[in-house]
Amino acid sequence: MRVTRIGGPTALVEWEGWRILTDPTFDPPGRTYSFALGTSSRKTTGPAIPLDEIGPVDVVLLSHHHHADNLDDAGRAGLSAARTVLTTVAGAKALTKDGAHPDARGLATGDAVTLTAEGKRDLVVTATPCRHGAPLTGPIVGPVVGFALSLAGAARPGLWMTGDTVLYGGLRRAATGMLPDVALVHIGAVKFPLTGPLAYTMDADDAVELIGLAQPGVAVPVHVEGWSHFSQQEEAAAAVFDAAPGPVRERIRWAPLGVPVDLP
């Protein structure tokens, strides 16, 4: 498997002939975007690789469609280059309605879909649980899903993308014993001045616990730089990971922005 981290939550995964793009964000830096309840965030860095250099994509894994730090304007325009988009049920309806993609498929937690392509092993994608904030914030922050991907016949996932989520009981239960080969772990500790200490994604301490439960072969941190509402960015997260227990610390692999990294 080859992972190229592009920025924010966006990564290109090349695996057994499949080309998989996660949460496409390709706008240039400098713009401020509005979020729920009057909150906002400024994009501080652009993509390490421009959209027109990504090439063909088999499937986009879109954890949610309604926040610009997971799908911005250029990312939305680029969806048309992918054969299939997998996202939330609400996201699929919205993307189909506005013509962003003709094959946007919505998955709720636990749903699975099998993707086929000539010359490639079938790919089974299962939606995993996410909660994008504190309890009862769902109507405000909207639905989010993660994705566990397995080659047909495999006993465990080859790839798990956590999506934007806090650490909570449903995620702990889903992660325990998952044993994916590679996990893309969304962190950043998203916070806004308007909502004070409330976090909307995991911080590195949460990720340490989650990695310990899931025991991936390799954990690649993403969603940790490039936006002003990420309250814990790469340097601070790395310090936490460096202090983590050995069985967790040894699984973490930082992917430099824009550099393809081959993973076992």
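Our numbering numbers the first residue of the sequence shown as 24 and each following residue consecutively. Virtual Cβ for every residue (Gly too), placed ideally from N, Cα, C.
As a quick exercise: from W250, G269, G69, pick the residue whose alpha carbon is nearest that of V213.
W250
Who are the Cβ neighbours of L84 in its own chain at under 6 Å, not counting the five residues just before and after it?
T45, L109, F170, M184
How would you label R54, buried or exposed, when you count the other beta carbons within 10 angstroms and need 16 or more for buried?
exposed
Let me make sure I understand the geometry here. Which of G133, T160, C153, L159 has the alpha-carbon closest to that of V147?
G133
Note down the Cα distance separating T27 from A97, rounded to an integer number of angstroms.
18 Å
Let me check one thing: in DSSP terms, what residues is V284 bridge-paired to?
V26
In chain order, what residues of the same chain lie with their CB nearer than 6 Å to the CB of T149, ignoring the 5 residues before and after it?
A135, A171
Given V189, which residues of its chain have a CB within under 8 Å of its CB, disregarding the five upstream and five downstream residues?
R154, H155, G156, A157, A222, Y223, T224, M225, D229
Cβ-Cβ separation, G181 to P203 (assumed contact under 8 Å), whole Å
7 Å
Under 7 Å Cβ to Cβ from H246, same chain only, skipping five residues before and after it: list those, please.
G31, P32, D187, H209, I210, G211, T224
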